[in-house]
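Here is the structure we will look at.
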Amino acid sequence: MIDFRYSYTVEVNELMSKKKSPKRRFIAGAICPRCSEMDKIVNYKLDEQSYRECVACGFKDKIRLQSTPQELNTRVTDRSIVAESPIKIIFPSSK
Ligand SMILES: [Zn+2]
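Sequential numbering from 1 applies to the sequence shown in this note's numbering.
So, in structure tokens, the structure goes:
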């Protein structure tokens, strides 16, 4: 027998966690200035502002985009496009 209450709870939790936290991306190689842990920094956008946050110690910082905001954004965007674009395998017409 399926426990409907359980599946309902899971769905609600998923919805809430999605609402609560915007898209977060780990910054590869980033070191937390507080606890010095590597690869624990996530980057996310909230209200047109970029933030970084350490998942290990809870350190939070607002990222100020100044003269060269393109580099990081472009890299992240490119990666997501590659991940989401459908893969087409084209076989060469051989005779
Ligand atoms: Zn930290």
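In this text, a Cβ means the ideal position worked out from N, Cα and C, and glycines have one as well.
Residues that residue i bridges to, as DSSP identifies them
i, result
"residue 65", "Answer is none; residue 65 lacks a bridge partner."
"residue 24", "44"
"residue 31", "38"
Burial state of residue i (16 or more Cβ within 10 Å)
i, result
"residue 89", "exposed"
"residue 69", "Note that residue 69 has pLDDT 49, beneath the 50 cutoff, so the model's placement of it is unreliable and no number is given."
"residue 57", "exposed"
"residue 32", "buried"
"residue 35", "exposed"
9 Å Cβ cutoff, residue i in contact with chain D
i, result
"residue 23", "Among the protein chains of the structure shown there is no chain D, as only one such chain exists."
Cutoff 8 Å; reference residue i; Cβ partners in own chain excluding five residues on either side
i, result
"residue 25", "42, 43, 44, 76"
Rounded distance between the beta-carbons of residue j and residue i, thought under 8 Å
i, j, result
"residue 51", "residue 40", "That pair is no contact at about 14 Å."
Self-check item: Test item, CB below 6 Å from any non-hydrogen atom of ligand 1
Solution: 32, 34, 35, 37, 40, 54, 56, 57, 59
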